[in-house]
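S.K.:
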Amino acid sequence: MEKNPYPEFDLSGKVAIVSGAGRGMGSHFAIALARYGADLVICSRTRSELENVAAEIRQLGRRVLVQQLDVTKNCEIQAMVEATVKEFGKIDILVNNA
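If you count the sequence shown from 1, position 16 lands on 22 in my numbering, and the numbers rise without skipping.
#1: Give every residue of the same chain whose Cβ lies closer than 6 Å to the Cβ of I37, excluding the five residues on either side of it in the sequence, and list them in chain order.
#2: How about L56 and G30: are their beta carbons less than 9 Å apart?
#3: For G67 and R51, I'd like the C-alpha separation in whole angstroms.
#4: Hey, quick one: how far does the alpha helix (DSSP H) through L71 stretch, first residue to last?
#5: With three or more C-beta pairs closer than 8 Å as the rule, is the region 41-51 touching the region 87-100?
#6: Take the Cβ of G19 as the centre, count every other Cβ of all protein chains shown within 10 Å, and call the residue buried at 16 or more, exposed below.
#7: Starting from A22, trace the beta strand (DSSP E) both ways and give me its first and last residue.
#8: Taking the alpha helix (DSSP H) that V87 falls in, what are its first and last residues?
#9: Starting from S50, trace the alpha helix (DSSP H) in both directions and tell me its first and last residue.
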């Protein structure tokens, strides 16, 4: 799989969070962002689905943090944001797919 087919669209050094990333459009968003150079935080209610997506992201040479959570629970969202900042130091992109 080619990492970045469009070098002018370079997301190297960016950190993206994608909710609902375990399958469907969310997984495609996450993998595309990784292909363009972003590191990812992927979240969903189903951890096993996230692990499959995370494996694809790692194959692209990108860092990924897997977070199982329910986006309707503010305390879980806050914990995910804190984990993201601890791991990557920032958040650049948010895809609210869930």
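For every residue, glycine included, the Cβ atom is placed at its ideal position computed from N, Cα and C.
M.R.: By the coordinates alone:
#1: Taking the sequence shown and counting its residues from 1, the one referred to as residue 37 is at position 31. Excluding residues within five positions, the ones whose Cβ falls inside 6 Å are E62.
#2: Position 50 of the sequence shown holds residue 56. Position 24 of the sequence shown holds residue 30. It is not a contact, given that the beta carbons lie outside the stated cut-off.
#3: Taking the first residue of the sequence shown as 1, we reach residue 67 at position 61. Taking the first residue of the sequence shown as 1, we reach residue 51 at position 45. So the two alpha carbons sit approximately 25 Å from each other.
#4: In the sequence shown, residue 71 corresponds to position 65, counting from 1. First-last for L71: 70-74, but that is the beta strand (DSSP E), not the alpha helix (DSSP H).
#5: Short answer: they touch.
#6: Here residue 19 refers to the residue found at position 13 of the sequence shown. Exposed: under 16 other Cβ atoms inside 10 Å.
#7: Walking along the sequence shown from the start, residue 22 turns up at place 16. From DSSP, the beta strand (DSSP E) with A22 extends over 21-25.
#8: Indexing the sequence shown from 1 puts residue 87 at position 81. First-last of the alpha helix (DSSP H) with V87: 80-94.
#9: Translated into positions along the sequence shown, residue 50 becomes position 44. Here S50 belongs to no alpha helix (DSSP H); instead the beta strand (DSSP E) covers 45-50.
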